[in-house]
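Read through the structure below, which is laid out as structure tokens, and then see the notes.
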Amino acid sequence: MESHANSRNHPDATLAAKGFVQLSNATYSQDESTAATPKLVNDRVNAVVDNAPSDLDTLNKLAQAISNNPKFAESVTQLLSQKLAKNENGADIPDKNQFLKNLGLTETIKLAKNATPNHRKINGKTLTQDVQLTATDVHAITPEILRVEIPVGVPLPWPTEKPPAGWRICNGESFDKKQCPLLALAYPSGKLPDLRGEFIRGWDAGRKVDTGRNILSAQGDAIRNITGRIGYARQGWGAPPVLADGAFRIDKKHNAAVHGGESDDWGSVSSFNASRVVPTANENRPRNIAFNYIVRAA
């Protein structure tokens, strides 16, 4: 051995034979003819420990695992495979309940589960899941209810110049009976009544208040007749047959001595004009507000 040491024949160590080795601190080297320095080994072990499971969180455990386990590499690989994957976002947690308990979220989850009071009800439906409410549940007006409550063909007052969608103005125009079969039941002629500027009056139907009319017939304006009489002066003591009645009235009476042809003869002309005392127009009408009459087109 001494002679071998004094000689210059120093064989290098290999994987199969003993020999001299050269130290190296290369981190990611592929060289198998040099040996790692203790510092490099320590740095690499620390890196493994920082990223390994808790079973390998100290150098002592790592050293123990190396010395006692001949299948150390296999064990480390198995432990590393048990780490949670980031892209699973917690889906691979083995015991989720224990995990939530460790985070102190148990009570929070209980409160969240009870956030919706399942003893409450909406129109008799318990709030244990999604509640499906129909128009009937909230008393909304459906087309079917509208058809029953307001039959197609009933004129309704509307406060704007244009009717809402699905409605038509009663302006005397014709409509397509095939497209509006329900409206055609109310107006078989296929023509809407013209209610522009008109008042609706209940049909007489045998009451004999407004006789001689058919349903949907129009009627012009009229008033009851106004009559009256006025008397003239006469000679003698007898009273004239008529002084004034009806729409006429004598406001003052006096004895008239009229001589024919004299310059002091005088007379007067009476007139009748209702506008002196009441509002007048070219028609008879009550006070009113203008609306559009509309019907549903269906």
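Here the sequence shown stands for residues 1 to 298, where the numbers follow UniProt numbering. Idealized CB from N, CA, C, for every residue including glycine.
Can you check which of these residues, the options, is closest to residue i by C-alpha distance?
i: Lys39; options: Ala91, Asp221, Leu23; result: Leu23
i: Ile230; options: Gln219, Ala244, Ile294; result: Ala244
i: Ser271; options: Ile250, Leu185, Tyr187; result: Ile250
i: Asn42; options: Asn25, Gln30, Asp31; result: Asn25
i: Lys178; options: Glu32, Ala297, Ala35, Asp12; result: Ala297
i: Gly153; options: Ala205, Tyr187, Ala16, Leu216; result: Tyr187
i: Ser206; options: Pro286, Tyr28, Ile215; result: Correcting the residue identity first, residue 206 is Gly in this sequence and not Ser. Among Pro286, Tyr28, Ile215, the Cα nearest to that of Gly206 is on Ile215.
i: Thr14; options: Glu32, Phe291, Thr126; result: Glu32
i: Ser217; options: Leu133, Asp176, Arg201; result: Arg201
i: Asn292; options: Phe199, Asn46, Ala112; result: Phe199
Is residue i helix, strand or coil by DSSP?
i: Leu23; result: strand
i: Asp12; result: strand
i: Asp43; result: helix
i: Thr134; result: coil
i: Ala140; result: coil
i: Ala281; result: coil
i: Asn288; result: coil
i: Arg229; result: strand
i: Ala35; result: strand
i: Lys18; result: coil
i: Leu56; result: Residue placement at Leu56 is flagged as unreliable, the pLDDT there being 48, under the threshold of 50; the coordinate-derived value follows with that caveat. The answer is helix: DSSP assigns Leu56 an H, G or I state.
Find out if the Cβ-Cβ distance for the pair residue i, residue j is shorter than 8 Å.
i: Glu283; j: Asp210; result: no
i: Pro155; j: Ile294; result: yes
i: Ile93; j: Leu84; result: yes
i: Leu182; j: Phe175; result: no
i: Ile226; j: Ala247; result: yes
### Task
Could I get the ranges of all uninterrupted alpha helix (DSSP H) runs contained in the UniProt domain "Phage tail collar" (153-200), with 4 residues as the minimum, in chain order?
181-186
### Message
Counting beta carbon pairs with one atom in the segment 154-174 and one in the segment 191-210, are three or more of them shorter than 8 Å?
### Response
yes
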